[in-house]
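Chain order of the listed sequences is A and B. This note's numbering puts the first residue of the first sequence at 1, with every later residue one more than the last. This note's numbering puts the first residue of the second sequence at 1, with every later residue one more than the last.
Protein chains: 2
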Amino acid sequence: MPAQTEPRIPLSRDRVLLAAVKIADDHGIGALTMRRLAEEVGAEAMSLYYHVAKKDDVLDGVTEVIATEIVDAAGRIAVPADGSDWKADGSDWKKAVRERILAARGVFLQHKWAAGVFGTRTTTSPAVLRYYDGLIGLMRAGGFSHDLTHHAMHALGSRALGFTQELFTPPDGPVTEESLAAIAQMADVYPHLTGMLSEVAHDDPESTLGWCDDQSEFEFGLDLILDGLDRLRAEGWQAH
Amino acid sequence: MPAQTEPRIPLSRDRVLLAAVKIADDHGIGALTMRRLAEEVGAEAMSLYYHVAKKDDVLDGVTEVIATEIVDAAGRIAVPADGSDWKADGSDWKKAVRERILAARGVFLQHKWAAGVFGTRTTTSPAVLRYYDGLIGLMRAGGFSHDLTHHAMHALGSRALGFTQELFTPPDGPVTEESLAAIAQMADVYPHLTGMLSEVAHDDPESTLGWCDDQSEFEFGLDLILDGLDRLRAEGWQAH
DNA sequence: ACCTGAACACCGTTCAAGT
DNA sequence: ACCTGAACACCGTTCAAGT
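Right, dumping it as C-alpha cells:
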C-alpha cells in the first residue's frame with residue numbers, strides 16, 4: 001500500500017458558498033471572513049481565490065444561494081400560475097402573490113443576516129430575477145397591465161422578497177411594568193409616540209409577543225399594498 | 001513674543017461627527033475609517049477615542065446628525081400640525097404626512113450613503129423618534145386610532161423616513177437599442193420580466209430618465225400606502 | 001490545474017506615556 | 001483634561017512558489 005493522503009473533497013465554488021452560508025447562519029455575517037471561510041472548508045485562505053474572485057464575489061454567491069432557496073420555496077406553493085382556472089374577478093392573483101411572498105419571508109427568517117447582505121449587492125442575482133419574473137407573471141395573469149405591474153414591483157420593494165427595513169422598533173422583549181414606566185417617562189419628549197405605545201400595550205396586556213408582532217405587521221403592510229393594487233387594477237388604472 | 005503654536009480648534013464629538021458626514025458625502029461610506037477621520041480633523045487616530053467610544057459610536061452619531069436634518073426639514077413644512085383648521089373629512093392629514101416624508105427623502109438624496117447606515121443601527125436615534133412622533137401626531141389629528149397608527153408605522157417601514165430597499169433595479173442609464181436588445185435576449189429565461197420592461201420602455205421611448213423614474217416610483221408606492229390607510233380610517237377600521 | 005507560505009497594506013483598538 | 005506613538009490582533013489580497 002502506497003502512502004496515502006486523506007481523501008479530501010476537492011474545493012469548489014459551491015462548497016465555498018455553502019460554507020459561507022453556514023458560517024453566517026451559525027455565527028452571524030460578521031464572522032464571515034476569508035480566513036474563517038478557509039478554515040470551514042479545510043483549506044488555506046489563499047486557496048479560496050482560485051474559486052472566487054474576491055470577498056464581494058462570495059457575497060454575490062451567498063445572495064444567489066439564498067435567492068435560489070426563495071425561488072424553490074415560492075415554486076412549492078401550489079397555486080396555478082397561469083390563471084387558467086381563476087375566478088372571473090381576478091381576485092386569485094392576490095392569494096398567489098401573497099403566499100409566494102410569505103414563503104420568501106420564511107427563507108429570510110431562517111437566514112436573519114441575509115436581508116442585510118441583499119441590500120448591499122449592486123447587481124441583481126439571476127435567481128432574484130426569476131422570482132420577480134414569477135410574481136410579474138401572476139399579476140399579468142390576474143389582469144394587470146404591464147405598466148401597473150411595473151409600478152407594483154417598485155411599490156412592494158424589498159417586501160416582494162419578504163423583508164422590510166424596520167426603523168421603528170419599540171423595545172424588544174415582553175411588555176413589563178418597568179418598560180411601560182420607562183415609556184411614560186419620555187411622554188414630554190415624544191408625547192404621541194408614548195401615547196400610542198402605552199395604549200397599544202394596554203389593549204393587549206397579556207401579550208407574550210412583546211410590543212409588536214412582526215409577522216402580523218408584515219402581513220398588514222403587505223395586504224395594504226396588495227389591496228390597493230387590486231383596487232387600481234379593478235378600476236382599470238392607466239398611466240398618468 | 002513667546003513661541004506660539006497654531007491656534008487649533010479643539011476636538012469635540014460634534015466636530016468629529018460633522019467631519020465623518022463630510023467624508024461619507026465626498027468619498028462614500030467606505031472611505032470613513034478612524035485614521036481618515038482623524039486626518040480630516042487634523043489629529044491622530046487615537047485622539048478620536050477621547051470623544052467617541054468606538055467606530056460604532058461614530059456611526060450612531062452620524063445617524064443622529066442626518067436624522068436631525070430630517071426633523072428640521074420636516075419641521076419646515078408649513079402644514080398645521082394640530083389639525084385645528086383641517087377639513088372635516090380629515091383628508092388633510094395625508095398631505096401633511098406625505099410632504100414630510102418627501103422632505104425626509106430629500107435629505108437622503110443628499111446623503112446617498114445614509115440609508116445603508118440607518119439600516120445597520122440597532123438602537124433608534126432620538127431624532128428619528130422625534131420624527132416618528134411628529135408623524136404619529138399628524139395621523140392622530142387626522143382621526144386615526146392609536147392602533148391603526150401603530151400598524152401604519154410598520155406598514156410604511158423605512159418609507160416613512162424617505163427611502164426604500166430597491167432590489168428590483170432595471171439597468172441604469174438611458175433606454176438604448178442595445179439595452180433593449182439585451183433584454184429581449186433574456187426573454188426565454190425571464191419571459192414576464194422582459195415582456196414588462198420592453199413594453200414600459202416602448203411606452204416612453206424618448207425618456208431621458210432611464211428605465212425607471214425613482215422619484216415617481218417612490219411617490220406611487222407612498223400614495224398607495226397612504227390611500228389604503230385613509231380608506232381604513234374612513235371605514236372606522238378596528239383591530240382584529 | 002489546483003493549492004499554499006510569506007508578505008503587504010490596510011483595519012479598529014489598547015495602553016502607557018506625554019503635555 | 002486632552003492628545004499621541006508604538007504596538008497588537010486582525011482584515012482582504014498579491015505574488016511567487018510549490019505539487
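C-beta atoms are modelled at their ideal positions from N, C-alpha and C, and glycine is treated no differently.
- Close partners of residue 128 (chain B) in chain A (Cβ separation under 9 Å): 167, 168.
- About 14 Å separates the beta carbon of residue 45 (chain A) from that of residue 53 (chain A), a gap too long to meet the 8 Å contact definition.
- The alpha-carbon of residue 29 (chain B) is positioned some 8 Å away from that of residue 117 (chain B).
- DSSP, read as helix, strand or coil, puts residue 49 (chain A) in helix.
- For residue 178 (chain A) and residue 185 (chain A), the gap between their C-alpha atoms comes out near 11 Å.
- The residue from A:60, A:21, A:58, A:103 with its alpha-carbon nearest to that of residue 76 (chain A) is A:103.
- When Cβ-Cβ separations below 8 Å define contact, residue 33 (chain A) makes no contact with chain B.
- Assignment of residue 189 (chain A) by DSSP, reduced to helix, strand and coil, places it in the coil class.
- Listed along the chain, the chain A residues whose CB falls inside 8 Å of the CB of residue 191 (chain B) are 133, 137.
- Within the same chain, Cβ atoms closer than 7 Å to the Cβ of residue 148 (chain B) are found at 232, 233, 237, the five residues on either side in sequence being excluded.
- In the structure shown, residue 201 (chain A) adopts helical secondary structure according to DSSP, grouped into three states.
- Within the segment 101 to 136 of chain B, complete alpha helix (DSSP H) segments of at least 4 residues are found at 114 to 120, given in chain order.
- Taking 8 Å as the cut-off, the beta carbon of residue 67 (chain A) is found no closer than this to the beta carbon of residue 132 (chain A).
- Interface criterion met: the Cβ of residue 149 (chain A) is under 8 Å from a Cβ in chain B.
- In the three-state DSSP reduction, residue 76 (chain A) falls in the coil class, being neither helix nor strand.
- Within the same chain, and ignoring the five residues on either side of residue 105 (chain A) in sequence, the residues whose Cβ sits closer than 7 Å to its Cβ are 162, 163, 218.
- Chain A places no beta carbon closer than 8 Å to that of residue 177 (chain B), leaving this residue out of the contacts.
- Assignment of residue 70 (chain B) by DSSP, reduced to helix, strand and coil, places it in the helix class.
- Contact note: residue 227 (chain A) reaches chain B through 228, 231, using a C-beta cutoff of 9 Å and chain order.
- A straight line joining the alpha-carbon of residue 65 (chain B) with that of residue 43 (chain A) spans about 44 Å.
- In the DSSP assignment, residue 22 (chain B) falls within the unbroken alpha helix (DSSP H) covering 13 to 27.
- Between residue 27 (chain A) and chain B, the shortest Cβ-Cβ separation is not below 8 Å.
- Annotated three-state conformation of residue 167 (chain A) is coil, per DSSP.
- DSSP places residue 225 (chain B) within a helical segment (H, G or I) once states are collapsed to three.
- Among the residues facing chain B, residue 111 (chain A) is not included, as its CB has no counterpart in that chain under 8 Å away.
- The three-state secondary structure of residue 216 (chain A), taken from DSSP, is helix.
- In summary, residue 35 (chain A) is exposed, with fewer than 16 beta-carbon neighbours lying within 10 Å of its beta-carbon over all protein chains present.
- Among the residues facing chain A, residue 51 (chain B) is not included, as its CB has no counterpart in that chain under 8 Å away.
- Nearest neighbour of residue 61 (chain B) by Cα position, chosen from B:47, B:183, B:101, B:20, turns out to be B:20.
- Contact with chain A is absent for residue 63 (chain B), since none of that chain's Cβ atoms lies less than 8 Å from the residue's Cβ.
- Distance from the CA of residue 146 (chain B) to the CA of residue 223 (chain A), rounded to the nearest whole angstrom, comes to 19 Å.
- Interface with chain B (8 Å Cβ-Cβ cutoff): residue 140 (chain A) is included.
- In this structure, B:95 is the residue among B:95, B:190, B:15, B:112 with its C-alpha nearest to the C-alpha of residue 139 (chain B).
- With a threshold of 8 Å between beta carbons, residue 203 (chain A) makes contact with chain B.
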